[in-house]
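Everything on this sheet refers to the single structure shown next.
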């Protein structure tokens with residue numbers, strides 16, 4: 239995620255206001271970094287003449303009458319620049335502009351919300367939390383603020399506060415599936431699978447027949463090494479929405495967990511062949527083909543490359559796609575291209591050991607031993623930290639951390 243906010247969905251912005259499109263996304267992560275995002279969260283909409291079409295879709299509005307102020311043109315320019323950078327996924331660069339605008343512009347809601355979003359997307363939830371709580375106090379105790387606040391609390395390991403914020407958001411729009419998916423993505427990015435199950439179960443009290451939530455539940459159960467329990471949710475995700483992208487993703491993921499790479503390839507191909515060009519499904523196809531042992535020159539190798547290149551074109555902030563494409567390019571001997579995508583994956587998901595093992599190989603092949611050594615040293619630190627996490631984790635999380643560690647090293 240960093241599905242987190244930030245996981246697997248993209249933000250679009252209009253008139254200085256972020257709109258959610260969602261992943262998931264994973265964080266997203268994502269965001270994400272996840273350069274992720276969300277869509278469709280809706281609160282009470284003001285009259286059409288007060289906000290842009292994009293802001294209406296997001297359910298946000300400025301409150302120009304809240305505070306008397308004199309327009310600061312430089313601050314307004316910074317807000318526009320920060321908004322544009324956020325739209326492009328350049329969250330780190332956007333922060334300085336949004337900070338310069340914060341407290342000095344007409345649309346303080348947009349400035350504060352976008353700044354908090356950027357902090358969450360850049361794994362700085364502690365900085366986002368007070369901004370979002372201030373927005374609540376200032377009269378913006380709405381769905382969007384509470385949902386992003388829940389994601390920030392997940393990132394800051396404040397589980398109970400995350401659930402409280404999600405419950406507030408859900409009380410305003412209880413059947414909005416994306417509310418639960420966004421926070422679930424944040425839990426995935428944080429590897430907090432137990433909390434993720436609680437989030438999904440909360441959503442299922444309102445949406446018991448949601449294929450997406452059953453899919454999310456199956457993924458959390460699988461990550462907790464409870465695959466036998468997860469099978470039922472994978473199958474429900476497929477039966478509840480048999481022709482959806484979720485159904486094909488569920489089938490492919492289930493096959494991957496079962497070690498049936500050929501079946502995973504078949505499921506992903508079928509979904510893509512029926513018109514589902516979702517970036518996650520494209521990535522699953524590329525991952526499954528690569529895991530199946532394809533080599534350059536085979537038609538399957540070209541198929542995997544095409545799927546992964548389309549995935550990163552559709553969602554450049556999805557770390558799994560960037561990592562897998564980097565691995566494929568490395569296999570093809572395209573070392574420079576491999577490094578480019580692996581470095582993007584590192585920016586998006588710096589805690590994934592598989593990125594550094596592949597970076598070390600790529601830098602070594604390119605004749606850059608110091609960078610290869612740096613990657614290996616980071617890999618060693620991550621492995622040590624993960625071993626400590628597994629050793630010290632509560633019993634209900636230990637298996638999940640161990641399973642996540644195994645998957646990340648593949």
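Residue numbers (my numbering): 239 to 648. Just so you know, even glycine gets a beta-carbon here, dropped at the ideal spot from N, CA and C. Fair warning: this is a prediction, and the values are worked out from it, not measured in the lab.
Query: Residue 607 and residue 583 closer than 8 Å at C-beta; Result: no
Query: Meets three-Cβ-pair contact criterion under 8 Å: the stretch 587-597 and the stretch 554-569; Result: yes
Query: Reduced DSSP category for residue 653 - H, G, I as helix; E, B as strand; rest coil; Result: The requested residue 653 is not part of the displayed model; the chain covers only 239 to 648.
Query: Same chain only: Cβ atoms within 8 Å of residue 521, ignoring 5 sequence neighbours per side; Result: 545, 546, 549, 556, 558, 559 and 562
Query: Three-state secondary structure (DSSP) of residue 568; Result: helix
Query: Where the alpha helix (DSSP H) through residue 476 begins and ends; Result: 465-478
Query: Distance between beta carbons of residue 476 and residue 488, contact taken as under 8 Å; Result: 5 Å
Query: Buried versus exposed, by CB contacts within 10 Å (16 or more), residue 448; Result: buried
Query: Residue 554, DSSP secondary structure in three states; Result: coil
Query: Residue 588 - DSSP class collapsed to helix/strand/coil; Result: coil
Query: Exposed unless 16 or more other CB atoms sit within 10 angstroms - verdict on residue 623; Result: exposed
Query: Where the alpha helix (DSSP H) through residue 533 begins and ends; Result: Unbroken run through residue 533: none, as it is neither H nor E.
Query: For residue 526 and residue 502, believed in contact at Cβ under 8 Å, the rounded distance; Result: 4 Å
Query: Enclosing alpha helix (DSSP H) for residue 344 [first to last residue]; Result: No alpha helix (DSSP H) contains residue 344, which DSSP labels as neither H nor E.
Query: Bounding residues of the alpha helix (DSSP H) (the contiguous stretch that carries residue 360); Result: Where residue 360 is concerned, there is no enclosing alpha helix (DSSP H), given that its DSSP letter is neither H nor E.
Query: Stretch pair the stretch 370-379 + the stretch 340-350: three plus CB contacts closer than 8 Å; Result: yes
Query: Whether residue 407 touches residue 381 by CB criterion (8 Å); Result: yes
Query: Three-state class that DSSP yields for residue 378 in the structure shown; Result: coil
Query: Residue 467 burial status per 10 Å Cβ neighbour count (16 or more: buried); Result: exposed
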